[in-house]
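Written out below as structure tokens is the structure these notes cover.
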Amino acid sequence: MLRSEHLTGLALDLFLVVDGQNVADNDEMMRYPELWEQVHAKLADHGFILRYPKDKEAVTGCEYEPWHIRYVGSPTVAHEIMD
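The numbering of the sequence shown is numbering that gives the first Met the number 0, which starts it at 0 and goes up by one.
Encoded structure:
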């Protein structure tokens with residue numbers, strides 16, 4: 000059985016565009032922590048959360064994925080979760 004949060008329709012993976020080039024390979028995307036920090040800082044304002052944050056593997060059961068975000072709807076709730 001395939002288990003993916005993407006199947007709920009509430010999760011999606013982002014990719015980066017760096018110097019006009021698509022960066023979608025997971026290993027390659029990990030090379031841009033400063034860009035992910037900028038993205039993550041804006042997520043909650045739009046009702047999204049970073050689903051698998053760094054240093055939260057024991058809570059989420061998954062390794063850090065800066066590109067995997069989830070829609071929770073309310074910016075207020077998203078800010079509470081991200082905090």
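Backbone N, C-alpha and C fix where the C-beta goes; we use that ideal spot for every residue, glycine too.
Please read all numbers here as calculations on a predicted model, not as lab measurements.
Spatial neighbours of Pro52 in its own chain (CB-CB distance under 8 Å, excluding positions within 5 residues in sequence) are listed in chain order as Thr59 and Tyr63. Pro65 carries a strand assignment under DSSP once its states are collapsed to helix, strand and coil.
Runs of beta strand (DSSP E) with 3 or more residues, each lying fully within the stretch 3-53, are found at 10-12, 15-17, 20-22 and 47-51, listed in chain order.
Lys41 and Arg2 have their C-alpha atoms roughly 28 Å apart.
Scanning its chain for C-beta atoms nearer than 8 Å, with the 5 sequence neighbours on each side dropped, one finds around His45 the residues Pro74 and Ala77, in chain order.
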